[in-house]
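Novice: Numbering (this note's numbering), first residue to last: 172 to 1164. Quick one: the structure is below, questions incoming.
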Amino acid sequence: MGRGAQEGIYTAAFRRWLDSAVMELSDANLQTLTEYLKKTLDPDPSIRRPAEKFLESVEGNQNYPLLLLTLLEKSQDNVIKVCASVTFKNYIKRNWRIIEDEPNKICETDRIAIKGNIVHLMLSSPEQIQKQLSDAISIIGREDFPQKWPDLLTEMVNRFQSGDFHVINGVLRTAHSLFKRYRHEFKSNELWTEIKLVLDAFAQPLTNLFKATIELCSTHANDASALKVLFSSLIQIAKLFYSLNFQDLPEFFEDHMETWMTNFHSLLTLDNKLLQTDDEEEAGLLELLKSQICDNAALYAQKYDEEFQPYLPRFVTAIWNLLVTTGQEVKYDLLVSNAIQFLASVCERPHYKHLFEDQNTLTSICEKVIVPNMEFRAADEEAFEDNSEEYIRRDLEGSDIDTRRRAACDLVRGLCKFFEGPVTGIFSGYVNSMLQEYAKNPSVNWKHKDAAIYLVTSLASKAQTQKHGITQANELVNLTEFFVNHIQPDLKSANVNEFPVLKADGIKYIMIFRNQVPKEQLLVSIPLLINHLQAESIVVHTYAAHALERLFTMRGTNNATLITAAEMVPFVEVLLTNLFKALTFPGSSENEYIMKAIMRSFSLLQEAIIPYIPSLIAQLTQKLLAVSKNPSKPHFNHYMFESICLSIRITCKANPAAVGSFEEALFMVFTEILQNDVQEFIPYVFQVMSLLLEMHKNDIPSSYMALFPHLLQPVLWERTGNIPPLVRLLQAYLEKGANTIASAAADKIPGLLGVFQKLIASKANDHQGFYLLNSIIEHMPPESVDQYRKQIFILLFQRLQNSKTTKFIKSFLVFINLYCVKYGALALQEIFDSIQPKMFGMVLEKIIIPEIQKVSGQVEKKICAVGITKILTECPPMMDTEYTKLWIPLLQALIGLFELPEDDTIPDEEHFIDIEDTPGYQTAFSQLAFAGKKEHDPVGQMVNNPKIHLAQSLHKLSTACPGRVPSMLSTSLNAEALQYLQGYLQAASVTLL
């Protein structure tokens, strides 16, 4: 929305606020901020969106975060307090990290004030706000702790003395969110130093607090409300124990293991009636604490087994008793699965093997722990029917770490490591009896078959990956036989809506064992899977789509797809019809698995989809229009754009003129997306437009030229996610319409160079600036950029002086050589020397000769080779001025570029922040695989083999000045380089005169 359109929304007082860089901490400003926060909660987007936009536009002003903190401390309205705390946390998330080359988004005085007040504020706030501020502290801590926030720990530890558990819990929660990253960070000296600092300050007070809290639990054993608070603390303490012990066993905890383990053990066996809850779904404090203790014990059993050995037997006993006595209710799921995971991690360690060897023990584990926890419960059935998205997430994507089934499955795998024979034997009996029960009365006993399939799956799968399904299988289980006898009959039954759980099991079986089941069985399954896309159950049609997508990606010989387009011909129409129809089922309108299957089907079928394209693209654009109103499923959206790109590619490959009909279908939706500033979609729209524009053969259509000025608006370039696709789109404009731009939009050239200037100033995006500059040099008519050329070089030299990075040097080398190829070596020498006398020699000596070895990429190396060849052979000053002394070193560097390995060393001080890692809500750039750009070789038509080209150019030079070249070579070029050069001359069949 432009400033003009916003005028109606902003009051006059607010305009003053917007234009001042500092906001006063006044009552008037607090009042205005309150009004705007209220509007951000309005369900009406025409009120909500402008308010959100407004707050975004003022968040760069000084004191803005302090106004938010003041508001959440002083406002009388609880809703506003919570809203201010969420807005503050999101503000910190977006802006706290300082990114090199980008303006610091929060001024230093605000940063100091925030760190000075936030801990106190967090600890004195109600729990709902405390959580938000605690998150904000951990985001700040991730960047600033310990170097820039050394007193954070002391301030937190001192609050342990307060005795107020509301405060203590706030400290513990914050410490947990601060330290939990130790669980997944890579080992490094920096990390060790930080953990040591934390342990020195925190381990002893935490241990004292742990002991004191446990004593208070016995003192207040009959006080339910006190116990709730104390157990909340114990859960946080147990989580902190896990984080602080994860990387290595700290000396402190080794010395105090007795204290921790004895207390953990007694908490595991504790049962207090006051802590039991009536809720069957939600885990209570007691369950959560015991779950975390199981995790802590598993960590020690896996990583520090020697030190933990004395405690292990009593933990195994306690956890075994826990498993045998805990009910089937959902609230115990996390506890049971963590307890089973503990057993799973113990049973696969060689020196605990003896605990499980006895046949009775194995039978008992199978009977009492594994089989009961594989059962499909009423709660699972409810999730299957009413909360299918969550069910699929857990079952398919493996985020079911805390489900009983997954844990039981892991325990089976763990036991099979040493006891595969006996375990398979025990379970085969169970599987057979379950299948017999099912056969007696399928409609009543279907859950028995479900458990049997699950058991077979967990027994048979030793190693699994998302990409390939099962990669290692148990030899003792005949998977194909089970498939033909027990899975196929369910999928062949005429009614796709009968026994949905068993259908889903069957489809999942195909998916998991797709590498073990022979291809002919997979081909039999494909029409069955296509048929199940019509099932009403969300889980069933989703699994069918996912299974088809996985089968279509399988590779056979020669890396071709296992299932070929030819084999799919009979099913093309029904496959496409059923996939798009599945998107119309309630609950599946934005089903990412279906959209991914559509994308994969297009990719596999290729030109077989062309007859259906008009209808397919109409359905895709309709879907695009619908979801652009409120994009909420990033994966779905990504696959949708991929499918659009595939339709364009496949159709236009067969019929290039069809590009116009795609533009007709898509441009109306694209215009709406750009006008409404749908941030999530804009990078995708630019990629699809690039693809379409690159398809045009000759001139640039007027519809694109109308959009051109808008692409140069600074606001678009402020979002990092827009930069790569926008650069590519501008490159497409330059490639297809340079003459049109030069004649009809010459006033936009400064804007184009302004974009280049912005990008070149950033270490993260300078390569994108060079992509743009190279396209300008390559495609624009020379006279249209004449007046800007010198300024371009001056900008590049300024950047070289201010921050010379390897990435910049590589891009700079490619650019000056491309310039040389385009305008000639003499023009390059003249422009350098016009900036500063003798500068050409300095560039050769200080940059080209020493750094050329760093250039990577076939096309880039070729451009540099052709450019340097031109400098050597088409630049008279190289032969008869003080530059002549550089002729041999430059030739030697060129032969090195041809023959030596690439120099990929990067100086220590250069570590790039990867754009994708920056936190916040900026739409990160998502590259569309099927919008991929063909690699372009600007010197391709002119030079095929750069070595032969060098030989021919030297020959031409030597005929112009006979005798000079051979004498320079024989006196100065090193022997190895000379030998290579003679090889080039021979290959080109030329000699030097």
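Where a beta carbon is used, it is the ideal one built from N, C-alpha and C, also for glycine. Nothing here was measured: the structure is a model prediction, and the numbers come from that model.
Would Lys868 and Pro805 be called neighbours here (beta carbons separated by less than 8 Å)?
Specialist: Result no, Cβ atoms of Lys868 and Pro805 do not sit closer than 8 Å.
Novice: Between the alpha carbons of Ala1100 and Arg890, how many angstroms are there, rounded?
Specialist: Those two C-alpha atoms are separated by around 21 Å.
Novice: Enumerate, from N- to C-terminal direction, the unbroken alpha helix (DSSP H) stretches of 4 or more residues contained entirely within the region 777-852.
Specialist: Segments of the alpha helix (DSSP H) lying fully in the region 777-852: 784-799, 805-825, 830-846.
Novice: Pick out whichever of Val743, Pro321, Lys1017 has its Cα sitting closest to the Cα of Leu776.
Specialist: Taking only the C-alpha atoms, the option nearest Leu776 is Val743.
Novice: Tell me whether Val1136 sits in a helix, a strand or coil according to DSSP, three-state version.
Specialist: Residue state, collapsed to three classes: helix.
Novice: If we call anything under 8 Å between Cβ atoms a contact, is Ala753 one with Ala779?
Specialist: No, Cβ-Cβ distance for Ala753 and Ala779 is not below 8 Å.
Novice: Check each candidate in Cys1035, Val400, Asn893, Asp1074 and name the one with the smallest Cα separation from Pro1117.
Specialist: Among Cys1035, Val400, Asn893, Asp1074, the Cα nearest to that of Pro1117 is on Cys1035.
Novice: Could you pull out every residue in the same chain whose Cβ sits closer than 8 Å to the Cβ of Tyr1092, ignoring the five residues on either side in sequence?
Specialist: Low per-residue confidence applies at Tyr1092: pLDDT is 31, beneath 50, and the placement is therefore not dependable, though the value from the model is reported in the following sentence. Asn261, Lys264, Arg265, listed in sequence order.
Novice: By Cβ distance, which residues of its chain are closer than 7 Å to Val1176, with the 5 residues on each side in sequence left out?
Specialist: Outside the modelled stretch of the chain, which goes from 172 to 1164, sits residue 1176, for which no answer is possible.
Novice: Quick one: Cα of Tyr207 to Cα of Pro896, how far?
Specialist: Those two C-alpha atoms are separated by around 34 Å.
Novice: What would DSSP say about Val1110, mapped onto helix, strand or coil?
Specialist: Correct three-state label for Val1110: coil.
Novice: Please tell me whether Asn467 and Phe412 are closer than 8 Å, where the distance is taken between their beta carbons.
Specialist: Yes, the Cβ-Cβ distance between Asn467 and Phe412 is below 8 Å.
Novice: Mind the definition here: the region 816-835 touches the region 1110-1127 only if three or more C-beta pairs lie below 8 Å; say whether that holds.
Specialist: Counting Cβ pairs under 8 Å, fewer than three are found: no touch.
Novice: Would you report the Cα separation of Arg594 and Glu386, rounded to the nearest angstrom?
Specialist: Correcting the residue identity first, residue 594 is Val in this sequence and not Arg. Straight-line Cα distance between these residues: approximately 44 Å.
Novice: Any contact between the region 531-550 and the region 681-700? By contact I mean 3 or more CB pairs, one from each, below 8 Å.
Specialist: Touching, no.
Novice: Give me the residue from Ile270, Leu533, Gln1007, Thr325 with the minimum Cα distance to Gly596.
Specialist: Closest option to Gly596, Cα to Cα, is Leu533.
Novice: Thinking C-alpha only, which one of Val886, Gly908, Leu887 is nearest Ser874?
Specialist: Answer by Cα proximity: Gly908.
Novice: So what does Val193 bridge to, in DSSP terms?
Specialist: Gln233, per the DSSP bridge assignment.
Novice: Which complete alpha helix (DSSP H) runs does the region 727-783 hold, if anything under 4 residues is left out?
Specialist: You should have 736-739, 743-753, 763-776.
Novice: What ranges does the alpha helix (DSSP H) occupy inside the region 645-730, keeping only unbroken runs of at least 4 residues that lie completely in it?
Specialist: Complete alpha helix (DSSP H) runs here, min 4: 650-653, 659-663, 671-683, 690-703, 709-724.
Novice: Thinking C-alpha only, which one of Ile931, Gln299, Ile788 is nearest Gln969?
Specialist: Among Ile931, Gln299, Ile788, the Cα nearest to that of Gln969 belongs to Ile931.
Novice: Would you say Val250 and Gln303 are within 8 Å of each other, going by their C-beta atoms?
Specialist: Result no, Cβ atoms of Val250 and Gln303 do not sit closer than 8 Å.
Novice: When you compare only the Cα positions, how much space is there between Glu429 and Gln705?
Specialist: Computed Cα separation, rounded: 60 Å.
Novice: Count the other CB atoms within 10 Å of the CB of Gly1103; is the residue buried (16 or more) or exposed (fewer)?
Specialist: The residue in question, Gly1103, is exposed, as its Cβ has fewer than 16 Cβ neighbours within 10 Å.
Novice: Which value, in whole angstroms, describes the spacing of the CA atoms of Ser516 and Gly585?
Specialist: Each residue's alpha carbon lies about 7 Å from the other.
Novice: Considering only the alpha carbon of each residue, which of Met739, Glu738, Thr724 lies closest to Thr732?
Specialist: Comparing Cα-Cα distances from Thr732 to each of Met739, Glu738, Thr724, the minimum goes to Thr724.
Novice: Could you give the first and the last residue of the continuous alpha helix (DSSP H) run that contains Trp888?
Specialist: First-last of the alpha helix (DSSP H) with Trp888: 885-888.
Novice: Cα separation between Gln150 and Thr390?
Specialist: Past the boundaries of the shown model lies residue 150; the chain is included only from 172 to 1164, so the question cannot be answered.
Novice: What's the C-alpha gap between Ala1159 and Glu1147?
Specialist: Cα to Cα, the separation comes out at about 19 Å.
Novice: How many whole angstroms separate the CB atoms of Leu204 and Leu243, which I take to be in contact at a CB cut-off of 8 Å?
Specialist: Not confirmed; about 11 Å, so no contact.
Novice: Are there 16 or more other CB atoms within 10 angstroms of the CB of Asn1145, so buried, or fewer, so exposed?
Specialist: So Asn1145 counts as exposed.
Novice: For Gln301, which three-state DSSP category applies?
Specialist: In the structure shown, Gln301 sits in a helix (DSSP, three-state: H, G or I).
Novice: State yes or no: is the C-beta of Phe879 within less than 8 Å of the C-beta of Asp937?
Specialist: No.
Novice: May I have the straight-line CA-CA distance separating Ile658 from Met876, to the nearest angstrom?
Specialist: Cα to Cα, Ile658 sits roughly 58 Å from Met876.
Novice: Cβ atoms of Pro1109 and Glu949: under 8 Å apart, would you say?
Specialist: Yes. Within cutoff.
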